[in-house]
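Novice: Sharing a structure, written as structure tokens. Questions coming.
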């Protein structure tokens, strides 16, 4: 069959702004806001502001929609407290210490005394539209790890914009998380197959932090004697992406690692590696590299392994459909960004990073790992595997502080791979290689020298990037490109990069060839770009017949599992997405009362604005003048956060809470390095602290000293604190505290704690995980903290996404502002994330939340946060022991139920209560943290009194089931608690052949309270066997079995 001739007009066509936004009709709020935006631009702004108070009533404001109970219910709830409170003011005074209580200051504008009023949803949408439209979207050829892509509408609509996917929590409760666990297993399979390595995790934060994790993992894989060598060195290719190197620098400092940047493709590189000897920690290469080159690294891998070290490869998943996978040529670790699998640029994130390893490294691998186990009935079931690797277990001995991932984005990546299938992905890679070669050929035709591949006999590029050796012409070429709204990459040395991508149209390619390359011609100036293109086609050939040198050509199969070869029609993929969704419990079903997780409302207007094209399509390293809308939004958000926390400066760059901890402690370290006197590297951390605190301190190069807590009140032991401060007075660098404490109370002496630490020369770091209990009523800055981090995915309404994304900005006092993370790879100060503003595209969510709530709304939300928790406490106290309260019997925003007595009295533990709650349609509270065999409950302000009462009814019913065991009415084993949860198949099939040989009825198992008969969420599997899963680890899609039984 004759091949269709490739011409410029026949190049595959893509929509101009091919992100999810162009496929979807805007909501009524966005349509109305767009109209208002036009009217205000026509001069009606003053009148609009004058008339709005007459048109917007109290019932139209967003706080009423965000906060669950109404004012009448609040009165009832205050009366139901134990003891009752007569007013909100009296109640708040009983919860928050008087010396930190602050109830009147402005929260959102640092220089204003007037309170910021709440804006209605149309106002906020209008402002968001104006900012998005003030970003200029150019055609991006920059590359450097960021590629414009097309998000299939079926994925955008049904995952990204679907609250059933974005409001779920990390899948620790496996029985009600099988859908996204399966999707993440698909993601792991994509990564494992494409990289040629057997074990992949469920995503990391971005490529730079993944490279940092590879470096520290390589360090900790060495014998202890080599880890302690003073000259230990990690070798990095001089052609990794610049932002990756910048992030690695921040990680290397804390581990006292020397970074040596080397041309790893040179013959001298092998000698350099051999010369390092026992000091060699590992090597990182980029494949293809940041300039588009591909090298054969087999000899390099052998040299690294001869030194007993690990070779890591930063790579591109799409490229690996045509290039030999790293696992086949000797890499031990592969990593990179999966962004080009359907995730918009978003000014830098969030994007899922991938990470895969050789089999012998699986127990050292950072991040979450999905594995296959079995449930109580013997059926296959998925779960989070090998959790003992994680920081909440290993604390300061952990090799990583990773606490979240990019689950929502990883799920989209997996669906993108399923939608296209292995053939579609390979065809796309071949298409991009063809386009790049066409650009290279046309450039050469017009006399512009290009870098040549050393492996291709004709010097043709092997993937998507062309480098022009433009010399003195470079700035003229870059300017010509800007004049026609194209961004090329400026290497700064006379070289110009052009990276092609999936989103390009024939018109884009035409502009590049005609207006940039032809206009820059030094020969053949009279030849039209069409003629040049036709000649290039003759040289390059068709995309279906691209030639890859055999030494780096992929020959192995990938994505052979049926899941990647079945759902290619939109109908089938849509049904598959909803099939998985049906297995998972999220906020669309019921409250998720996880302590220290703040599972509150993610408002629809807040979520909608992130899909505006002006926010979705910006390259993080595009010129600043193209991103004025983002700069305005980020500036306003940074001011909001600094004002709320009582601080002076903000960095929005950290893309998780744990990264915020690391960034904040690095700021403290850098400050101390500029001060006279001895090195201050001791970090005091309460024994009750979250595991990320000591892990982050260790990563920042600090030595951890624990501080005791009072066993009765949970408060810090001030005597022990002062003793530790005195002992380490010359070395004290910082103290990390969480406020309210991880025990769920406002410690009365927190100001005293800060004073003691400051007295001995240390600085105070406040973990802002519990900030939802502080806003508008106290602040870290007023309390005495020098730096704090915030969790925008908790307090400020970014959804948890089933395990990410998150944002963990840090706010600091004035003396620490100069030490905030850099916003450019070229700056002196390292970065902590790959992009200058981290996960920029989801920042509009938090900005919008603050605007919608206003000062009074934010303060009111905090009051209801505290009220909801104390209401639950009061109703549950007669049935369960509550571990910690203050002198008034109050908790903060969360409290701990003690399940330990039930182990002796009934053989029941916290896990049994947690699993039984699933039968009632509820996600379990936080289990066994910060105290083993307990349940920590946080309801948030968004839950209604009705939902709170429903949750109480469930726990009271479970307490009666425990009492039945205690009283001998049912056995200690095989009871409804030990057998929970009960999937529908268990209820129907029973114990085989229709039998039901259990000490409880089917009705008690399935419908223990009456309202479940109308509203029932069914777990899709029975209780999962964790031990079996760890002993029989399997972390990719299972092989297809013969189900015919023949």
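In the working numbering, the protein residues as written are 2 to 1047. Glycine is no exception: its CB is placed at the ideal position from the N, C-alpha and C atoms.
1. According to the Cβ coordinates, are residue 415 and residue 184 closer than 7 Å?
2. Taking the C-alpha atoms as reference points, what is the distance between residue 607 and residue 842?
3. Looking at the structure shown, is residue 338 part of a helix, part of a strand, or coil, going by DSSP?
4. Looking at C-beta atoms only, is the number of pairs between the stretch 865-885 and the stretch 895-903 that lie closer than 8 Å three or more?
5. Which one or two residues does DSSP pair with residue 935 in a beta bridge?
6. Give me the Cα-Cα distance between residue 71 and residue 77, rounded to the nearest whole angstrom.
7. Please state whether DSSP places residue 716 in a helix, a strand or coil.
8. Note down the Cα distance separating residue 522 from residue 476, rounded to an integer number of angstroms.
9. Taking only the alpha-carbon atoms, compute the straight-line gap between residue 295 and residue 172 and give it to the nearest angstrom.
10. Run through DSSP, which three-state label would residue 1036 get?
11. Check each candidate in 350, 269, 206 and 383 and name the one with the smallest Cα separation from residue 1021.
12. Mapping the DSSP letters down to three states, classify residue 239 as helix, strand or coil.
13. Assign residue 2 to one of two classes, buried (16 or more other C-beta atoms within 10 Å of its C-beta) or exposed (fewer than that).
14. In whole angstroms, what is the alpha-carbon distance linking residue 972 and residue 177?
15. According to DSSP, simplified to helix, strand and coil, what is residue 160?
16. How would you call residue 704, buried or exposed, if buried means at least 16 neighbouring beta carbons within 10 angstroms?
17. Locate the beta strand (DSSP E) running through residue 768, then write down its first and last residues.
18. Per DSSP, which residues does residue 261 bridge with? Please list them.
19. Compute the Euclidean distance between the alpha carbons of residue 23 and residue 164, then round it to the nearest angstrom.
20. Keeping to the same chain, check which residues put their C-beta closer than 6 Å to that of residue 820; ignore five residues upstream and five downstream.
21. Return the first residue and the last residue of the alpha helix (DSSP H) that residue 287 is part of.
22. Using alpha carbons as the reference points, say which of 232, 350 and 222 lies closest to residue 334.
23. For residue 193, count neighbouring Cβ atoms within 10 angstroms of its own Cβ and tell me buried if that reaches 16, exposed if not.
24. Rounded to the nearest angstrom, what separates residue 320 and residue 775 at their Cα positions?
25. For residue 925, which residues from the same chain have a beta carbon less than 6 Å from its beta carbon, with the 5 sequence-adjacent residues on both sides left out?
26. Pull the bridge partners of residue 496 from the DSSP assignment, please.
27. Is it right to say residue 975 is buried, meaning 16 or more other beta carbons lie within 10 angstroms of its own, or is it exposed?
28. Quick one: what does DSSP say residue 1031 is sitting in, helix, strand or coil?
29. Could you check whether residue 833 and residue 826 sit closer than 7 Å to each other, using their CB atoms as the reference points?
30. Pop quiz: residue 357 and residue 208 are said to be a contact at Cβ under 8 Å. What is the actual Cβ separation, rounded to whole angstroms?
31. Would you mind stating whether residue 846 and residue 812 have Cβ atoms separated by less than 7 Å?
32. Would you mind sorting residue 394 into buried or exposed? The rule is 16 or more other CB atoms within 10 Å of its CB.
33. At 3 residues or longer, and completely inside the stretch 192-257: list those beta strand (DSSP E) runs for me, N to C.
34. Based on Cα-Cα distance, which residue from 850, 584, 675 and 424 lies nearest to residue 118?
35. How about residue 877 and residue 940: do their beta carbons lie closer than 7 Å?
36. Taking the C-alpha atoms as reference points, what is the distance between residue 588 and residue 871?
Specialist: Taking the coordinates as given:
1. Walking along the chain shown from the start, residue 415 turns up at place 414. Walking along the chain shown from the start, residue 184 turns up at place 183. Cβ distance < 7 Å, so residue 415 and residue 184 count as in contact.
2. The residue given as residue 607 occupies position 606 in the chain shown. The residue given as residue 842 occupies position 841 in the chain shown. Looking at the two C-alpha atoms, the distance is approximately 12 Å.
3. Your numbering for residue 338 matches position 337 in the chain shown. Strand.
4. yes
5. As a first step, residue 935 is located in the chain shown; it is residue number 934 there, counting from the start. Beta-bridge pairing links residue 935 to 899.
6. Counting from one through the chain shown, the residue named residue 71 turns up at place 70. Counting from one through the chain shown, the residue named residue 77 turns up at place 76. The straight-line gap from Cα to Cα measures roughly 10 Å.
7. One-based indexing of the chain shown puts residue 716 at position 715. Residue state, collapsed to three classes: coil.
8. Indexing the chain shown from 1 puts residue 522 at position 521. Indexing the chain shown from 1 puts residue 476 at position 475. In a straight line, the C-alpha of residue 522 is about 14 Å away from that of residue 476.
9. The sequence position of residue 295 within the chain shown is 294, counting from 1. The sequence position of residue 172 within the chain shown is 171, counting from 1. Using only the alpha carbons, I get a separation of about 38 Å.
10. In the chain shown, the residue the question calls residue 1036 occupies position 1035. It is coil, neither helix nor strand.
11. Looking up residue 1021 in the chain shown gives position 1020. Selected option, being the one with the closest Cα: 383.
12. Taking the first residue of the chain shown as position 1, residue 239 is located at position 238. Three-state result, residue 239: coil.
13. To locate residue 2, count along the chain shown from 1; it is residue 1. Note that residue 2 scores a pLDDT of 36, beneath 50, so its modelled location is shaky and nothing firm can be said.
14. Taking the first residue of the chain shown as position 1, residue 972 is located at position 971. Taking the first residue of the chain shown as position 1, residue 177 is located at position 176. In a straight line, the C-alpha of residue 972 is about 27 Å away from that of residue 177.
15. In the chain shown, counting from the first residue as 1, residue 160 sits at position 159. DSSP places residue 160 in helix when its eight states are reduced to three.
16. Indexing the chain shown from 1 puts residue 704 at position 703. So residue 704 ends up on the exposed side.
17. Here residue 768 is taken as the residue at index 767 of the chain shown, counted from 1. Its beta strand (DSSP E) spans residues 764-769.
18. Position 260 of the chain shown holds residue 261. Paired residue(s): 236.
19. Along the chain shown, read from residue 1 onward, the residue named residue 23 stands at position 22. Along the chain shown, read from residue 1 onward, the residue named residue 164 stands at position 163. Here the model assigns residue 23 a pLDDT of 40, short of 50, so the residue's position is not dependable and the matter cannot be decided.
20. To locate residue 820, count along the chain shown from 1; it is residue 819. Excluding sequence neighbours, residue 820 sits near 668, 671 and 672.
21. Taking the chain shown and counting its residues from 1, one reaches residue 287 at position 286. Element bounds for residue 287: not the alpha helix (DSSP H) but the beta strand (DSSP E), 281-288.
22. Here residue 334 refers to the residue found at position 333 of the chain shown. Out of 232, 350 and 222, 222 has the C-alpha closest to the C-alpha of residue 334.
23. Here residue 193 corresponds to residue number 192 of the chain shown, with the count starting at 1. Per the 10 Å Cβ criterion, buried.
24. As a first step, residue 320 is located in the chain shown; it is residue number 319 there, counting from the start. As a first step, residue 775 is located in the chain shown; it is residue number 774 there, counting from the start. Rounded to the nearest angstrom, the two C-alpha atoms are 48 Å apart.
25. In the chain shown, the residue the question calls residue 925 occupies position 924. Result list for residue 925: 174, 915 and 918, in chain order.
26. Position 495 of the chain shown, counted from the start, is the residue given in the question as residue 496. Bridge partners of residue 496: 470.
27. Counting from one through the chain shown, the residue named residue 975 turns up at place 974. Its Cβ having fewer than 16 others within 10 Å, residue 975 is exposed.
28. The residue you call residue 1031 lines up with position 1030 of the chain shown. Helix, per DSSP.
29. Indexing the chain shown from 1 puts residue 826 at position 825. Indexing the chain shown from 1 puts residue 833 at position 832. Cβ atoms of residue 826 and residue 833: not closer than 7 Å.
30. Within the chain shown, the letter at position 356 stands for residue 357. Within the chain shown, the letter at position 207 stands for residue 208. Contact flag wrong, Cβ pair sits at about 14 Å.
31. Start at 1 with the first residue of the chain shown, and residue 846 comes out as number 845. Start at 1 with the first residue of the chain shown, and residue 812 comes out as number 811. Going by C-beta atoms, residue 846 is not nearer than 7 Å to residue 812.
32. Working through the chain shown from its first residue, we reach residue 394 at position 393. In this prediction, residue 394 scores a pLDDT of 48, lower than 50, which makes its location untrustworthy; the coordinate-derived value is nonetheless stated afterwards. Its Cβ having fewer than 16 others within 10 Å, residue 394 is exposed.
33. 234-238
34. Along the chain shown, read from residue 1 onward, the residue named residue 118 stands at position 117. Among 850, 584, 675 and 424, the Cα nearest to that of residue 118 belongs to 850.
35. Locating residue 877 in the chain shown gives position 876, where the first residue counts as 1. Locating residue 940 in the chain shown gives position 939, where the first residue counts as 1. No, the pair does not count as a contact, with Cβ atoms beyond the cut-off.
36. As a working note, residue 588 is residue 587 in the chain shown. As a working note, residue 871 is residue 870 in the chain shown. Going from the Cα of residue 588 to the Cα of residue 871 covers about 21 Å.
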